[in-house]
Amino acid sequence: MEYNESQKTAIMHYKGPFLCLAGPGSGKTTVLTRRVLQLIGEYQVSPSSILVVTFTKAAAREMKERFLRLSQTASTQVTFGTFHGVFYGILRHAYGLSARNIIGEDQKYSILRELIRSSRLEVEDEKELITDIIGEISTVKTGRIALEHYYSAACPEESFRDIYRGYQERCRSARLLDFDDMLVWCYELLTQREDIRKAWQNKFKYILVDEFQDINKLQYEIIKILALPQNHLFIVGDDDQSIYGFRGAKPQIMLQFPEEYPDAGRVTLACNYRSTKRILEASQNVIHHNQERFPKEIKTINELGDPIEVRGFETEILENRWVRDRILKAKEAQEPLEEIAVLFRTNLGARYLVEMLMEYQLPFHMRDLLPNLYEHWITRDLLAYIQIALGDRSRKNFYQIMNRPNRYLSRDSVDSGEFSFEGLRWYYEDKEWMCDRIDRLEEDLRILKGMTPYGAVNYIRKGIGYEAYLKEYAVYRRIKAEDLLETLREIHESTKGYRSFAAWFAHMEEFSEKLKEQAKHQSEQKEGVTISTLHSIKGLEYDEVYILDVNEGVMPYHKAVLEEEIEEERRLFYVGMTRARKRLHLCYSDEKQEMSRFLEEMKVRNTNFSF
1 MEYNESQKTA IMHYKGPFLC LAGPGSGKTT VLTRRVLQLI GEYQVSPSSI LVVTFTKAAA
61 REMKERFLRL SQTASTQVTF GTFHGVFYGI LRHAYGLSAR NIIGEDQKYS ILRELIRSSR
121 LEVEDEKELI TDIIGEISTV KTGRIALEHY YSAACPEESF RDIYRGYQER CRSARLLDFD
181 DMLVWCYELL TQREDIRKAW QNKFKYILVD EFQDINKLQY EIIKILALPQ NHLFIVGDDD
241 QSIYGFRGAK PQIMLQFPEE YPDAGRVTLA CNYRSTKRIL EASQNVIHHN QERFPKEIKT
301 INELGDPIEV RGFETEILEN RWVRDRILKA KEAQEPLEEI AVLFRTNLGA RYLVEMLMEY
361 QLPFHMRDLL PNLYEHWITR DLLAYIQIAL GDRSRKNFYQ IMNRPNRYLS RDSVDSGEFS
421 FEGLRWYYED KEWMCDRIDR LEEDLRILKG MTPYGAVNYI RKGIGYEAYL KEYAVYRRIK
481 AEDLLETLRE IHESTKGYRS FAAWFAHMEE FSEKLKEQAK HQSEQKEGVT ISTLHSIKGL
541 EYDEVYILDV NEGVMPYHKA VLEEEIEEER RLFYVGMTRA RKRLHLCYSD EKQEMSRFLE
601 EMKVRNTNFS F
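Going by full-length UniProt numbering, 304 is the number at position 304 of the sequence shown; the sequence numbering is gapless.
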């Protein structure tokens, strides 16, 4: 195989630290595997002293398989592994740990669920809060932050600290550790035990790190310790593709590498073998707006290619319908649907398209689990209102909505399996102002009964005051009200076109069943169009890529406020663009905010076609 000069420089590097900046589609995996072969074959390095580390088991397995094919051998003593796998191995040797000591996800959720319930936090979506708290626990551990100096965004400080301490105590007493504990324990072991530290330094004399831009501070500190004293540390990555800030990955770690290792060699793999000239030029125009990056110019020897298509639509539904029609045409033309990817900023953004593809029986698979909008607690609230309006009198549904918004109704006011307005009035007979509230609720429900689904949800939002309740709840939970209001808007939009509640209910049930069926076959089915978030698509490539909802507030995401957050959003968009080999389509809708600034930065000349 022929290698370009930059690739040769990286492959031929022998000793000491080295920084290999690898742009998208530049052959970084080839360089990594070929360098390992070079170390063994030309420089007589023992295979058992080489460690190649990356972030996922799939990536480590693929790299090992490629190395075995390259070296034409059936096995190797080179260690190919993930960070957690390598660190677990170190801890296993030191402490005699086994797989039984690693806490399972179900176990973790169960412990945190108990702790949250005992904290008496008022929570609408317990699962979402648990996910948020897991992320914050990880931040505290991997950032080595003193608990008293950490301020939770998920719940009040004292509640978070109590939950954190309770979780740690439960894990300790059961001799369990999570993935973040592996990092903390490994770091402490290597810094405190010189004998163990030296043993592993003698074991791994040559360390290669893939996807270095995704590393967090604690992982980096451990790798630096292992690389001592020779510092044969070879890192490969692209600061422009650092998109996991929520996991602690920061491009600054990579940017500071030359300062920490002033004698480090350095090369840029600047030839993109994947995309057309037009796609590459547009993506470069976007990413050059970031300030925190290594300056680099990526080129390609590929053809000019088709113009990048930029389309604006009046509504989100029209945007998704256009993409569906394009997929239909591709299927009719017998083009391989596996070469098409449709990308979204968040997994919830894919709902419209998934519904349309299901309706038309177009094959697709998803790289992310699509949350069922119709199982969201906001949907449950709206349905409870409607079902009560239609005559349901179950205590369960009444509890769901009695104080959303707050009417100061007591749960004790319903003493049986069903409620009645007469019973409520009797309970509050000495409180005229409470009876007025009960009368108003009954009147609101009477009005709802005669409405269409769209009108009913609108009345619950505005007339009953549910939207104001969501804003109050967001303040209490310290979350952005925009997220809840966006979910409410999505639910409201889903009611369009249904003239009766029965028809809307039937649609929700049918969609939920199809979604369960899709999830069941997700692991085995890889045929059809790929639907993915921008985060989950990194490392993959397709002939044709559609990126939808390229609007302000989506790309960049409305949560991104600080300049460093905007820069990460830009890198995320860049990752999406550079997945495309031949054709790239960028779509936005006028019903959301204006089109994204990233389209302007790409140097779009009109709203249909550019370049």
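Beta carbons: idealized from backbone N, C-alpha and C, even for Gly.
Proximity of residue i and residue j at Cβ, strictly below 8 angstroms
i, j, result
"SER138", "ASP180", "yes"
"GLN219", "PHE83", "yes"
"SER275", "ASN302", "yes"
"MET63", "ASP210", "yes"
"VAL575", "ILE298", "no"
"ILE111", "LEU177", "no"
"GLU442", "PHE421", "yes"
"VAL286", "ARG570", "yes"
"LEU488", "ARG461", "yes"
"ARG393", "GLU418", "yes"
"LEU485", "LEU534", "no"
"PHE501", "LEU390", "yes"
"SER119", "GLU316", "no"
"ILE223", "ILE207", "yes"
"PHE313", "ILE531", "no"
"LEU515", "ASN372", "yes"
"ASP263", "LEU21", "no"
"TYR167", "LEU121", "no"
"GLY349", "LEU470", "no"
"ILE253", "ALA94", "no"
Spatial distance of residue i from residue j (CA atoms)
i, j, result
"GLY41", "VAL236", "21 angstroms"
"PRO405", "VAL323", "39 angstroms"
"ILE215", "GLN7", "23 angstroms"
"GLU105", "SER152", "22 angstroms"
"THR607", "GLU600", "Any answer about THR607 is weak, because its pLDDT of 42 lies below 50 and its placement is not dependable; what the coordinates show is given next. Roughly 10 angstroms separates the two Cα atoms."
"GLU5", "PHE55", "28 angstroms"
"LEU70", "LEU37", "8 angstroms"
"GLY96", "ALA384", "53 angstroms"
"ALA74", "PRO47", "14 angstroms"
"GLU259", "PHE234", "15 angstroms"
"MET12", "LEU68", "19 angstroms"
"ALA333", "ASP543", "15 angstroms"
"ALA474", "ARG311", "34 angstroms"
"MET595", "HIS232", "47 angstroms"
"ARG321", "TYR546", "13 angstroms"
"PHE246", "TYR261", "27 angstroms"
"ILE163", "GLU335", "53 angstroms"
"ARG581", "TYR454", "42 angstroms"
"ILE386", "MET508", "14 angstroms"
"LEU540", "ILE401", "45 angstroms"
"LEU129", "GLY135", "10 angstroms"
"ALA58", "GLY25", "18 angstroms"
"LYS396", "ARG411", "11 angstroms"
"ARG597", "VAL550", "9 angstroms"
"LEU353", "GLY528", "14 angstroms"
Endpoints, the beta strand (DSSP E) within which residue i is located
i, result
"LEU343", "340–344"
"MET366", "364–366"
"ILE491", "Per DSSP, ILE491 belongs to no beta strand (DSSP E); it is in the alpha helix (DSSP H), 481–494."
"GLY166", "That residue, GLY166, is in no beta strand (DSSP E); its alpha helix (DSSP H) goes 157–173."
"ALA22", "18–22"
The alpha helix (DSSP H) enclosing residue i, as first and last residue numbers
i, result
"LEU51", "No alpha helix (DSSP H) holds LEU51; the beta strand (DSSP E) holding it covers 50–54."
"LEU269", "Unbroken run through LEU269 is the beta strand (DSSP E), 265–269; no alpha helix (DSSP H)."
"TYR206", "Premise fails: TYR206 lies in the beta strand (DSSP E), 206–209, not in any alpha helix (DSSP H)."
"ILE235", "No alpha helix (DSSP H) contains ILE235, which is instead part of the beta strand (DSSP E) from 233–237."
"MET12", "5–12"
"ARG411", "Note, ARG411: premise wrong, no alpha helix (DSSP H); not H, not E."
"SER283", "277–287"
"ASP436", "432–449"
"ILE386", "377–389"
Neighbour flag for residue i against chain B, beta carbons, 8 angstroms
i, result
"ILE340", "Absent from the structure is chain B; it holds one protein chain and no more."
Residue i Cβ short of 7 angstroms to the ligand COA heavy atom set
i, result
"ASP415", "Of ligands this structure carries none, so the ligand COA is not represented either."
Query raised in the report: Unbroken beta strand (DSSP E) runs of length 3 or more, entirely within the region 564–601: which are they?
Result: 580–589
Requested in this report: Determine, using beta-carbon pairs with one atom in the region 491–500 and one in the region 329–338, whether at least three such pairs fall under 8 angstroms.
Outcome: no
Query - Whole alpha helix (DSSP H) elements within the region 73–152, 4-residue minimum - result: 83–95, 105–119, 126–142
Query raised in the report: Counting pairs of Cβ atoms below 8 angstroms between the region 258–275 and the region 307–324, do you hit three or more?
Result: no
Query - contact_flag[the region 139–147, the region 70–88] where n(CB pairs < 8 angstroms) is 3 or more - result: no
Query raised in the report: Is the region 13–33 in contact with the region 158–176, if contact means three or more CB pairs nearer than 8 angstroms?
Result: no
Report task. May I have a chain-ordered list of the beta strand (DSSP E) segments no shorter than 3 residues that lie completely inside the region 503–556? Result -> 529–533, 542–547
Report task. Assess, as a yes-or-no matter, whether the region 470–485 is touched by the region 496–508 under the definition of 3 or more beta carbon pairs within less than 8 angstroms. Result -> no
Requested in this report: Taking only runs that begin and end inside the region 300–363, name each unbroken alpha helix (DSSP H) of 4 or more residues, in chain order.
Outcome: 316–332, 351–359
Requested in this report: Evaluate the contact criterion for the region 542–557 versus the region 343–354: three or more CB pairs, one atom per stretch, below 8 angstroms.
Outcome: yes
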